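Here's the structure we're looking at; comments come further down.
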Amino acid sequence: MGYDALIIGGGPGGYVCALRAAQLGLKVALVEEKELGGVCLHWGCIPTKALYAATRLLRQASTAGEMGVTYAPPAVDLSRLQAWKESVTARLAGGIADLMKAAGVEVIQSRARLAGPGVALLSDGASLEAKRIVIATGSRPIEIPGFPFSDPRVWSSDDAVGLREIPPRLVVIGGGVVGLELANIYRRLGSKVTVVELLPDVLAPLGLDRRALAVVKRGLTNAGIHILNGVSASSQAATDNGVEVTLSDGSSLEADRVLVAVGRRPHSADLGLNAVHLVPDKRGAIPVNERGETASPGIMAIGDVVPGPMLAHKASADGIVAAHAMAGDDHAVTPAELIPQVVFTDPEIASIGLSETAARAAGQEVLVGRFAYAGLGKALGMREPEGFFQVVASAADHRILGVTIVGAEASDLLGEAALAVRTRLTLEQVAETVHAHPTLAEGFHEAVENALGQGIHTARR
């Protein structure tokens with residue numbers, strides 16, 4: 000049976016691509032080896048945010064007495080917490096399946112590999128033919144020498160999200176997004192957490208300004224998370240009490256479990272790329288053009304398996320572009336600097352566009368406005384005074400180039416900023432937009448006014 004489009008992989012890139020292609024009138028099949036929704040839904044974005052929300056209650060309970068609310072210390076029922084997390088993912092996965100059925104997308108549970116132009120071979124020996132094939136196979140956690148995931152003492156991020164136990168002592172190797180998010184979750188659950196990061200600072204690839212990084216690091220310290228920078232984990236060995244991790248400086252750490260969170264690698268191996276004359280780069284990513292097309296005619300690739308940020312929303316955006324390209328429409332992949340980035344630490348970090356440092360390094364003359372959470376009535380009422388809003392704009396025409404938000408609900412507050420950067424709004428256009436009071440979103444408005452030198456709630460000296 001021939002299809003207009005065959006999607007290999009049912010994660011946030013693949014299933015979105017399939018649904019949009021079906022909306023555009025294409026005959027679509029999607030092959031997924033495991034479950035619809037992929038790593039994001041089952042082992043990444045959704046379960047970690049469910050755990051983030053649940054464990055945030057523990058943090059809030061510890062300081063509720065400041066508001067005059069007291070109750071017995073909360074207890075964690077690990078099995079019920081895990082069941083709740085899984086109920087969230089199951090509900091969303093069921094919703095995706097319903098959407099696929101309603102759209103007329105044929106979903107095939109199997110593994111697929113390329114067998115030639117327009118042909119994919121399934122694990123049961125069957126073959127499928129399509130005018131276009133989209134590779135959306137995502138990524139996998141990276142293993143490091145001496146810390147194999149087959150060792151029960153060593154966890155991947157998938158193992159950590161599985162929530163099998165709360166180790167008294169947890170060493171996290173990697174101070175990136177995944178490592179810090181899971182470090183926060185397990186610290187709230189009661190683990191003593193130490194993060195080992197090879198680079199001089201945590202979250203280095205995000206290119207955050209020093210001010211933003213300082214707030215995040217203060218939050219980690221206040222939470223009781225110990226950070227070791229500039230060292231790597233060299234080896235590990237079992238002890239009577241758990242595991243000893245030896246570091247590159249000769250020191251060692253005692254732990255019960257070791258979480259390796261040093262990043263992810265594109266899942267491009269064993270896909271039969273040689274059958275269509277494709278060669279991935281040294282990281283395993285498949286090069287594509289601005290429409291998601293590879294160098295092999297009729298073969299496209301999207302999401303984590305191509306160069307660029309490994310983010311679910313970026314994968315979905317790629318999928319939309321690929322679907323329109325298959326239908327003959329003219330769409331282009333969103334530039335990396337216009338992809339929002341969010342980190343669910345405590346406080347949260349959210350950014351879009353250029354930081355102040357990046358803008359100045361690029362030779363831009365900029366206006367910068369900031370406003371502290373501590374100046375917002377809503378934030379004080381929530382007992383969330385940590386953090387700030389920062390807006391970077393061109394000094395020449397006042398177009399907004401970038402926004403960074405560090406603080407409570409930063410992830411939800413970034414939408415307005417993303418729209419402003421994407422559509423090149425000016426400071427004046429945002430400043431003239433009335434923002435509701437009392438809300439956290441007022442902080443963005445105040446930062447914009449400060450960039451113009453017109454902030455009402457900022458003292459001028």
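Mapping to numbering that gives the first Met the number 0: the sequence shown position 281 is 280, numbers consecutive. Here a beta-carbon is modelled for each residue, glycine too, at the ideal position from N, C-alpha and C. This structure is a prediction, so every number in the text was calculated from the model and none was measured.
In the DSSP assignment, find the unbroken alpha helix (DSSP H) run with F370 in it and report its ends. No alpha helix (DSSP H) contains F370, which is instead part of the beta strand (DSSP E) from 365-371.
Should A324 and G12 be called a contact, given that it needs their Cβ atoms to be closer than 7 Å? Not closer than 7 Å, so no.
Measuring CA to CA, which of H330, S354, G262 is closest to I141? Among H330, S354, G262, the Cα nearest to that of I141 belongs to G262.
Taking only three categories from DSSP, how would you classify E128? Reduced to three states, the DSSP call for E128 is strand.
Should G414 go down as buried or exposed, given a rule of 16 or more other Cβ atoms within 10 Å for buried? With fewer than 16 other Cβ atoms inside 10 Å of its own Cβ, G414 counts as exposed.
So, R421 versus R398, is the Cβ gap smaller than 7 Å? Taking 7 Å as the Cβ cut-off, R421 and R398 do not qualify as a contacting pair.
For T293, count neighbouring C-beta atoms within 10 Å of its own C-beta (all shown protein chains included) and say buried if the count is 16 or more, exposed if not. Counting Cβ neighbours within 10 Å, T293 comes out buried, since at least 16 surround it.
Residues bridged to L29 [DSSP beta-bridge criterion]: Note: L29 sits in a beta bridge opposite I6, V106.
Evaluate W83 with the Cβ neighbour count: other Cβ atoms within 10 Å of its Cβ, from every protein chain shown; 16 or more gives buried, anything less gives exposed. Around the CB of W83, fewer than 16 other CB atoms lie within 10 Å, so the residue is classed as exposed.
For D239, is the classification buried or exposed, using 16 other Cβ atoms within 10 angstroms of its Cβ as the cut-off for buried? Around the CB of D239, fewer than 16 other CB atoms lie within 10 Å, so the residue is classed as exposed.
Near G307, which residues of its chain fall below 6 Å by C-beta distance, leaving aside the five closest residues on each side in sequence? Within the same chain, G307 has close Cβ partners A335.
Three Cβ pairs or more, each shorter than 8 Å: is that satisfied between the segment 109-121 and the segment 263-271? Contact holds: three or more Cβ-Cβ distances are below 8 Å.
Need the endpoints of the beta strand (DSSP E) that N240 sits in, please. Here N240 belongs to no beta strand (DSSP E), and DSSP marks it neither H nor E.
Using 8 Å for Cβ pairs, my map puts M299 next to I134. What's the rounded Cβ distance? 7 Å between Cβ atoms; contact.
Can you tell me whether H444 is helix, strand or coil according to DSSP? Note: H444 maps to helix in three-state DSSP.
Mind pulling the alpha helix (DSSP H) runs of 4 or more residues that sit fully within the segment 365-419? The segment 365-419 contains these whole alpha helix (DSSP H) runs: 376-380.
So the alpha helix (DSSP H) Q340 belongs to, where does it begin and stop? Annotation: Q340 is outside any alpha helix (DSSP H); the continuous beta strand (DSSP E) that includes it extends over 340-342.
Would V160 pass as a contact of T47 if the rule is Cβ separation under 7 Å? Yes, the pair counts as a contact, with Cβ atoms nearer than the cut-off.
Considering only residues of the same chain and omitting the five flanking positions on each side of V15, which have a CB-CB separation below 7 Å? Take V15, set aside five residues on each side of it, and the residues of its chain with a beta-carbon closer than 7 Å to its own are S315, G318, I319, in chain order.
Going by beta-carbon coordinates alone, are L412 and L439 separated by less than 7 Å? For L412 and L439, yes; Cβs fall inside 7 Å.
Rounding to the nearest angstrom, what Cα-Cα distance links H444 and L353 in this structure? When rounded, the distance between both Cα atoms is 18 Å.
Proximity below 7 Å, CB of T136 to CB of H266: Contact: yes.
Own chain, CB closer than 6 Å to S410, minus 5 neighbours either side, in chain order: V341, E347, A349, listed in sequence order.
Is the number of C-beta pairs between the segment 224-243 and the segment 175-193 that are closer than 8 Å three or more? When C-beta atoms of the segment 224-243 are compared with those of the segment 175-193, three or more pairs fall below 8 Å, so the two segments count as touching.
Taking the continuous alpha helix (DSSP H) assigned at I184, which residues delimit it? 176-188 is the span of the alpha helix (DSSP H), which, as asked, contains I184.
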